Amino acid sequence: MEIVDILLAASFWEAAIRIATPLIFGVLGALVCERAGVLNLGIEGIFTAGAMAGWMAVWLGAGLWGGVLVAALAGGFFGLIHAILTVPLGLSQHVSGIGVTLLATSLSYFTYRTALPDVSSPPRITPFQPLDIPFLSDLPFIGQALFSQTAMTMLALVLVLVTGWVLYRTPLGLAIRAVGDNPSSVEAQGLSVYGLRIGAVVVGSSMMALGGAFLTMSAFDAFFFGMINGRGWVCIALTVFASWRPGKALIGALLFGAFDAFQVRLQTEVGAFLPSQVFLMMPYILSIIALIVVARKADYPKALLVPWFKGQR
Amino acid sequence: MIRFEPRSNPGPIFVYGVPVFAAIIAILLAAIPLALAGAPILKAYGLMITGAFGSIFSTSEMLTRATPLILTGLAAAIAFRAKLWNIGAEGQLYMGAMAAVVVGSGVIDGPSWVMIPAVMIAGAIAGALMLIGPTLLKTRLGVDEVVTTLLLNFIVLLFVQMMLEGPLKDPMSMGWPQSEPIIDSAILPPLLERMRVHLGLIIALVSAAALAVFVKRTVWGFEIRAVGENAAAAKFSGISVTKTMILVAALSGGLAGLAGVSEVAGTRGYLATDLSPGYGYAGIVVAMLARLSPVGVIISALFVASVFVGADSMSRAIGVSSYLADLIVAMSLLCVLIGGFLTRFKVRFDRKKTAG
Numbered sequence: 001m002e003i004v005d006i007l008l009a010a011s012f013w014e015a016a017i018r019i020a021t022p023l024i025f026g027v028l029g030a031l032v033c034e035r036a037g038v039l040n041l042g043i044e045g046i047f048t049a050g051a052m053a054g055w056m057a058v059w060l061g062a063g064l065w066g067g068v069l070v071a072a073l074a075g076g077f078f079g080l081i082h083a084i085l086t087v088p089l090g091l092s093q094h095v096s097g098i099g100v101t102l103l104a105t106s107l108s109y110f111t112y113r114t115a116l117p118d119v120s121s122p123p124r125i126t127p128f129q130p131l132d133i134p135f136l137s138d139l140p141f142i143g144q145a146l147f148s149q150t151a152m153t154m155l156a157l158v159l160v161l162v163t164g165w166v167l168y169r170t171p172l173g174l175a176i177r178a179v180g181d182n183p184s185s186v187e188a189q190g191l192s193v194y195g196l197r198i199g200a201v202v203v204g205s206s207m208m209a210l211g212g213a214f215l216t217m218s219a220f221d222a223f224f225f226g227m228i229n230g231r232g233w234v235c236i237a238l239t240v241f242a243s244w245r246p247g248k249a250l251i252g253a254l255l256f257g258a259f260d261a262f263q264v265r266l267q268t269e270v271g272a273f274l275p276s277q278v279f280l281m282m283p284y285i286l287s288i289i290a291l292i293v294v295a296r297k298a299d300y301p302k303a304l305l306v307p308w309f310k311g312q313r
Numbered sequence: 001m002i003r004f005e006p007r008s009n010p011g012p013i014f015v016y017g018v019p020v021f022a023a024i025i026a027i028l029l030a031a032i033p034l035a036l037a038g039a040p041i042l043k044a045y046g047l048m049i050t051g052a053f054g055s056i057f058s059t060s061e062m063l064t065r066a067t068p069l070i071l072t073g074l075a076a077a078i079a080f081r082a083k084l085w086n087i088g089a090e091g092q093l094y095m096g097a098m099a100a101v102v103v104g105s106g107v108i109d110g111p112s113w114v115m116i117p118a119v120m121i122a123g124a125i126a127g128a129l130m131l132i133g134p135t136l137l138k139t140r141l142g143v144d145e146v147v148t149t150l151l152l153n154f155i156v157l158l159f160v161q162m163m164l165e166g167p168l169k170d171p172m173s174m175g176w177p178q179s180e181p182i183i184d185s186a187i188l189p190p191l192l193e194r195m196r197v198h199l200g201l202i203i204a205l206v207s208a209a210a211l212a213v214f215v216k217r218t219v220w221g222f223e224i225r226a227v228g229e230n231a232a233a234a235k236f237s238g239i240s241v242t243k244t245m246i247l248v249a250a251l252s253g254g255l256a257g258l259a260g261v262s263e264v265a266g267t268r269g270y271l272a273t274d275l276s277p278g279y280g281y282a283g284i285v286v287a288m289l290a291r292l293s294p295v296g297v298i299i300s301a302l303f304v305a306s307v308f309v310g311a312d313s314m315s316r317a318i319g320v321s322s323y324l325a326d327l328i329v330a331m332s333l334l335c336v337l338i339g340g341f342l343t344r345f346k347v348r349f350d351r352k353k354t355a356g
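Going line by line, the protein sequences match chains A and B. Numbering (our numbering) for the first sequence: 1 to 313. Numbering (our numbering) for the second sequence: 1 to 356.
Written out as structure tokens, the structure is:
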């Protein structure tokens, strides 16, 4: 198969968008936190918690959208821990984030093992099904590539629009962006720096958790240990690549999804000549390359990582 | 409303008491998940204590587990001192272990006093190089080292897997992806007969002592501390921040590499992809519990190792998931962070709002 044939196949773009979906959630969540000035390295654990909590809620009979809600709440809970430690207490965002990742991961694993002590193969749920929208899903190419995804992918795309609109078209968005650049100016306006930052981290973490929930409730139908496999860290890299903009986050995630889908197809073509691990490494190597490419001109939110205390000038 | 006032001079009670207190709180908090899991709480705690200290054998197991944790804890402590956020100790550990296998599985042979230093040096260099790369990317191009070191963990593990299915595969392993065994002369000998605790523990303790002297008593150590406290001021006073960062990277990566050597040549005897159950990440907790003090790392590594070994043994006895250990370790990290805050600030409750 020629490379052009691969790139023109609807099934290829279907896979690319599917791979991109959890990353869209993750990058949006990370950029909301970072726009408010807080790096959230809890992301990897929050993905795990969202994946486990959402799946378990569905397994216990909460329904798929009930599962999505539970995942978002779980993400918000761990986001709140990170927010309290880093915003009013002003502790190291790096260390607190790693701590939240360790806590969320171990709590998820512990809960899963405790609820299901002796299962040999993970129990399955009925996940979100591909959409069948009248007319749209029957369109050539785009019908298969886009409109036959699951409802969660649509939710991710809607979230891109909502996040962009809130950040750039509303006073709240202006305040969130300002609090990540110059918190004292926000306080001078009579707004609460703590409130804005804590709120942004909690909401951003809920979005991250949806990325995890997508994995167990849409892409797969079960929870596995280690299934997040660095996706959260990839999102942190993509956030820099996307220069903290929702639109670019979508493009970055899609590019990443396309590369990943492409290497899987390439693997079936030339797999005999190269060990499979070379292909599996590609997402991580790509993330590092993406970081190096944008490093020089990366325009970090100016108050990112800088704690701010009330009454400080 | 609540106000935080800086504490001018936190006394020794705070400095030494807070980590201990944090660890105790984390262990007590573990009662909640234990209760939710329906386990007999007091019995579970009792089993954890006997699991880690109940016999010479269990203590030897605990010390075996503490050995890599001391080394990865030192790796995190020295890096964090300079604010080099090395979250890649896990990958550096595996590279160190792989280098030890390359050198120590029969390519060269010699007496132990040659072979043991050879595998140690090979592992330390491999680990150091793994961190010098991201550090150069940071100092030269401004690439955030947190994400690169994190992502490298995944790349390294896949690379190790690839080597174990390819050039490093043991032809006698019945198809398992594992390396050829380390030859006898390169094995770190056990310290006690019929016990697993091995020379690696001594290496780890000596490393901690050496690092403590290095940080406190040498010019380089002073420069590392200066860069960590205020990089701009350090630069202004004539310290080369880049050079200091690379020195820190070599030390930190080297120590993590040594942890890999110790595991592969001391505990396991061959390399497989399940060599480390996350020692690299746990090292961060060890370092934070120790407040980045090299000697403190020894004590906090012993604590974390006891939690792991104790919980494993408790888990086998009453069937509570051994992820409880990871939970306790994660909670102690968050507790010690909060404790660190309370060391630096007094919390005051005011009735009236302070005039801004």
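Every residue, glycine too, gets a C-beta built ideally from N, C-alpha and C. Model, not experiment: these values are computed from the prediction.
- Pairing leucine 305 of chain A with glycine 37 of chain A gives a Cβ-Cβ distance under 9 Å.
- In the DSSP assignment, lysine 302 of chain A falls outside any alpha helix (DSSP H), carrying neither H nor E.
- Phenylalanine 14 of chain B has a beta carbon lying at 9 Å or more from every beta carbon in chain A.
- In the three-state DSSP reduction, proline 68 of chain B falls in the helix class (H, G or I).
- The beta carbon of alanine 39 of chain B sits closer than 7 Å to the beta carbons of Ile318, Val320 from its chain, once the five residues preceding and following it are set aside; these are given in chain order.
- Proximity of valine 100 of chain A to chain B, defined by a Cβ-Cβ separation below 9 Å, is satisfied.
- Short of 8 Å from the beta carbon of valine 309 of chain B, and not among the five residues preceding or following it, lie these beta carbons of its own chain, in chain order: Gly51, Ala52, Ser58, Glu61, Met62, Arg65.
- The Cβ neighbour count for leucine 84 of chain B, taken over all protein chains shown within 10 Å, is at least 16; the residue is labelled buried.
- The alpha-carbon separation between threonine 153 of chain A and serine 8 of chain B amounts to approximately 53 Å.
- The beta-carbon separation of methionine 314 of chain B and alanine 44 of chain B, rounded to 5 Å, stays under the 8 Å limit for a contact.
- Ranked by Cα distance from leucine 324 of chain B, the options A/Val87, A/Leu89, A/Thr105, A/Ile142 are led by A/Thr105.
- Taking a contact to require three or more Cβ pairs closer than 8 Å, the region 101 to 112 of chain B and the region 124 to 137 of chain A do not qualify as touching.
- For the pair arginine 265 of chain A and leucine 64 of chain A, the Cα-to-Cα distance works out to about 31 Å.
- Any Cβ of chain B closer than 9 Å to the Cβ of threonine 105 of chain A would place that residue at the interface, and such an atom is present.
- Lysine 216 of chain B sits in a helix when the DSSP states are folded into three classes.
- In this structure, the alpha-carbon of arginine 18 of chain A lies about 9 Å from that of leucine 254 of chain A.
- Put simply, the CB of tyrosine 94 of chain B is far from chain A, with every gap to its CB atoms at 9 Å or more.
- Separation of glycine 204 of chain A and threonine 149 of chain B (C-alpha to C-alpha, rounded to the nearest whole angstrom) is 24 Å.
- For arginine 217 of chain B, the number of other beta carbons within 10 angstroms of its own is below 16, and it is reported as exposed.
- Considering only beta carbons, no part of the region 252 to 270 of chain B lies closer than 9 Å to chain A.
- Between the region 41 to 51 of chain A and the region 222 to 233 of chain A there are three or more C-beta pairs closer than 8 Å, enough to call the two in contact.
- Between alanine 23 of chain B and phenylalanine 303 of chain B, the gap from beta carbon to beta carbon is short of 9 Å.
- If you keep only unbroken alpha helix (DSSP H) runs of at least 4 residues inside the region 36 to 115 of chain A, you get 43 to 59, 64 to 86, 93 to 115.
- It is roughly 48 Å from the alpha-carbon of serine 121 of chain A to the alpha-carbon of valine 15 of chain B.
- For glutamate 269 of chain A, the enclosing alpha helix (DSSP H) has its first and last residue at 246 to 270.
- Per the C-alpha coordinates, the member of B/Leu211, B/Phe159, B/Ile328 positioned closest to glutamine 277 of chain A is B/Phe159.
- C-alpha of alanine 151 of chain A to C-alpha of glycine 66 of chain A: approximately 14 Å in a straight line.
- DSSP places valine 295 of chain B within a helical segment (H, G or I) once states are collapsed to three.
- Taking the C-beta atoms as reference points, valine 201 of chain A is found no nearer than 9 Å to leucine 7 of chain A.
- Under the Cβ criterion of 9 Å, glutamate 165 of chain B is counted among the residues facing chain A.
- Excluding its 5 nearest sequence neighbours in each direction, phenylalanine 147 of chain A has C-beta neighbours in its own chain below 8 Å: Leu131, Ile133, Leu136, Ser137, Leu139, listed in chain order.
- Residue pairing of arginine 348 of chain B in beta bridges, as defined by DSSP: B/Arg3.
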